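Each residue of the sequence shown is one higher than the last, beginning at 1 in full-length UniProt numbering.
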Amino acid sequence: MHEDTCGVCFGNLEELNGAIELPCSCKVPYCQRCWDRTLATSLSNVGLPRCPSCREVIRVDYDASEGRLVFSRVADATVRFENWLETLDDILRQHSVQRCDEGFKFIARTQSGKLTKLFVMFAFQETWAKAKGSLWPLLEGKRPSPSGDWFVLNHLGEEVHYPREPAEEEFPVQVRYPKLVEHPMTELDANSFPLTLTFKEYVLNLEMPRGGEVSGGSVSQTFEVDEGRLLVREDVGMARKWKDQTTGVCLHPGDRILEVNGLQDVELIWEQLGCEELLKVRLQQQGSIFKTDVYNAQDDMRNRLQRQAKPRQQELLRRREHCEGAQSCVCGGELELLPLRQRVSLLVDQHGFLEYAGKRFSVDDLIAMQAVTCDLCHQHIQEEKLWTCQNGANTILHAQSYDVCVQCFNTFSESAGSEKRASLVIGE
Ligand SMILES: [Zn+2]
Ligand SMILES: [Zn+2]
Ligand SMILES: [Zn+2]
Ligand SMILES: [Zn+2]
């Protein structure tokens, strides 16, 4: 293998904007496109974006100011999880999940801000063993039914029938309480998919980014206080400047700072961030880096990438020139106007079915279910046509697909003339 060529497509790396800097310790030369495609394949095969050589899980963000994907290393996180049934209220409070109604023990708020009356458990074998003591007596002898008090789903969204302990590879499991839902669900539907709670923490030893201009401004550019919580801002470029020199792990947008140099008070932490040069930071990871489900509308990584890329996509639509030329997708691919039926047909296999959660769906089923949603307005697409990215599932940016409804497309591209001056300034 030659150093100047991509190890996958054998393209000339110089012509392909150079080899990407791998976040893991591997030395394989990849072009941006091949690495992206490799992670997308890994995500759809094993539910995780993993380096194919060392199998390290890779964190993916979209830097809207640079219009590109950014790959980084994830810290080894520990899962905090104790006697959840007994101390659920405390746990929810610690993790800023609001309990809104005394009558419903399991009311919680999802990441999109919606209320949900479900509690989802992310756990591993060991934590399951801990939880079992309190959970098992409740489960034993009761076979869950659609009218039951609860049921348990494995990582594929399939019901685990009791009495049986879920196997390790079925984690994380979810415990669901259909009775606590306004419209009890007995079938899995991606849009009603519930809250995911993960309590993962890690520690970084950071050095304050140097330079007069950087140090003062960088604190407020990197962090923000939201409802009493100190969070890493969505600015991917700034967050990457804060790096643990030993492990190479940098701050990740959305993560929450729990403690800095032993201090937990947000105001005191803020002071530390501004003046101390060496910071021992304890963080709580937002969402999950473990097994996820690409069909799950509440999937953390999918939601994050969608949110990070959205301003850029709107900008691309606004810039659309008044010609019949191609409209580019935020991933670098092209958006194509397709009839809904043709688009839905892309979801099914050669036998005409999409198999999911142990069920089979035909094209007609999927159309009736309004299975395609717009990635900009998140509405189900019902119109006869829609814009879809030709890159399909080849990019981790939209590892399932990317669709824009006609209404959003027109709203943004037609407002181009009137809103040009007000539009976001985003570098090339
Ligand atoms: Zn390549
Ligand atoms: Zn690797
Ligand atoms: Zn695309
Ligand atoms: Zn839309």
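Yeah, the Cβ is synthetic: ideal placement off N, Cα and C, and Gly gets one too. Bear in mind the structure is a predicted one, so any value in this text is a computation, not a measurement.
Spatial neighbours of residue i in its chain, beta-carbon cut-off 8 Å, leaving aside the 5 residues before and after
i	result
residue 393	40, 44, 399, 400 and 401
residue 263	269 and 272
residue 223	230, 231, 232, 233, 257, 270 and 273
residue 247	73, 75 and 204
Own chain, CB closer than 6 Å to residue i, minus 5 neighbours either side, in chain order
i	result
residue 376	404 and 408
residue 203	282
residue 259	282
residue 314	412
9 Å Cβ cutoff met for residue i and residue j
i	j	result
residue 38	residue 8	yes
residue 283	residue 256	yes
residue 412	residue 312	no
residue 63	residue 308	yes
residue 373	residue 380	yes
residue 305	residue 397	yes
residue 364	residue 355	no
residue 367	residue 344	yes
residue 13	residue 71	no
residue 52	residue 301	no
residue 65	residue 237	yes
residue 26	residue 16	no
residue 328	residue 316	yes
residue 383	residue 338	no
Simplified DSSP state of residue i, which is helix, strand or coil
i	result
residue 310	helix
residue 365	helix
residue 272	helix
residue 376	coil
residue 411	helix
residue 394	coil
residue 220	helix
residue 32	helix
residue 347	coil
residue 38	helix
residue 65	coil
residue 328	strand
residue 45	helix
residue 101	Confidence is the limiting factor: at residue 101 the pLDDT is only 30, short of 50, which leaves the residue's position unreliable, though a coordinate-based value still follows. Coil at residue 101, not helix or strand.
residue 141	Unreliable placement is indicated for residue 141, whose pLDDT of 45 sits below 50; no coordinate value is reported for it.
residue 315	helix
residue 16	coil
residue 225	strand
residue 432	Nothing can be reported for residue 432, as the shown portion of the chain is limited to 1 through 428.
Where the beta strand (DSSP E) through residue i begins and ends
i	result
residue 285	278-285
residue 232	229-232
residue 389	385-389
residue 256	256-260
residue 353	353-356
residue 339	334-339
Contacting residues, own chain, Cβ-Cβ under 7 Å from residue i (five flanking each side not counted)
i	result
residue 207	245, 277 and 278
residue 242	206, 209, 222, 250 and 251
residue 390	333, 334 and 336
residue 352	362 and 363
Start and end residues, alpha helix (DSSP H) containing residue i
i	result
residue 74	No alpha helix (DSSP H) holds residue 74; DSSP gives it neither H nor E.
residue 404	First-last for residue 404: 403-405, but that is the beta strand (DSSP E), not the alpha helix (DSSP H).
residue 236	236-239
- Query: With a cut-off of 8 Å, do at least 3 Cβ pairs link the stretch 266-277 to the stretch 21-34?
  - Reply: no
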